[in-house]
Amino acid sequence: MTTLPDASRRGLWLALLAALCCALLPAAGMAAGVLKLSHAEIWLRGDGRTSRLYAENAGDTTLYLDVEQRLLRNPGEQPEELTPIGEVRNPTLLVAPVRLALAPGQRAPITLKELARPESPQVWRVTFRPREKLLVANDPARAVAAPLVVSIGYGVLIYQVPAR
Numbered sequence: 008m009t010t011l012p013d014a015s016r017r018g019l020w021l022a023l024l025a026a027l028c029c030a031l032l033p034a035a036g037m038a039a040g041v042l043k044l045s046h047a048e049i050w051l052r053g054d055g056r057t058s059r060l061y062a063e064n065a066g067d068t069t070l071y072l073d074v075e076q077r078l079l080r081n082p083g084e085q086p087e088e089l090t091p092i093g094e095v096r097n098p099t100l101l102v103a104p105v106r107l108a109l110a111p112g113q114r115a116p117i118t119l120k121e122l123a124r125p126e127s128p129q130v131w132r133v134t135f136r137p138r139e140k141l142l143v144a145n146d147p148a149r150a151v152a153a154p155l156v157v158s159i160g161y162g163v164l165i166y167q168v169p170a171r
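As numbered in our numbering, residues 8 to 171 make up the sequence shown, in order.
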């Protein structure tokens, strides 16, 4: 029987270990919630026909969302002037809910309630921000964890046109 030199054996073991890690990687992949929105733009023309907006979790863990509604004061210009709904004097549109939790595979309707018809066209930006909480262990022996919040926004533009 022939024996391999130490360097060759070490290389073989490293190759086997790398192959084993690659084989197990998909099974131990990071789980995450994946947000899917039914529309990127919605037009509210005042004719009674309203598109429905849905938020769906296509991932494999619960997805926690903050929903932020802001009035776009200068459409098409940069930088954008956005006013939070709480600072708009007489808002003509209300989006609800402002917080949402979606289980894996769950789909939830987002309510678009027209409070009044605007006198001039208005553009609203609705941003959905998933709250991802990652726990990072600094010391495995003490299991000290530091929360890290990652915030990526997914936006929908809502165009609200005046009554004719």
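Backbone N, C-alpha and C define an ideal beta-carbon position, used for all residues, glycine too.
Predicted model, so just to flag it, every value in this text is computed and none were measured.
Of all the options Gly40, Asp73, Leu79 and Arg124, which has the alpha carbon lying nearest to the alpha carbon of Ile117?
Asp73
Which residue marks the beginning of the beta strand (DSSP E) containing Arg136, and which one marks its end?
Gln129 to Pro137
What are the boundary residues of the beta strand (DSSP E) that Thr90 is part of?
Leu89 to Pro91
State the start and end residues of the unbroken beta strand (DSSP E) segment that holds Ile165.
Per DSSP, Ile165 belongs to the beta strand (DSSP E) from Tyr161 to Gln167.
Rounded to whole angstroms, what's the CA-CA distance from Leu32 to Glu139? Just pull it up for me.
Confidence in Leu32 is poor, its pLDDT being 45 and thus under 50, which makes the residue's placement unreliable; the coordinate value appears in the next sentence. Distance between the alpha carbons of Leu32 and Glu139: 21 Å.
DSSP-derived helix/strand/coil call for Arg171
Correct three-state label for Arg171: coil.
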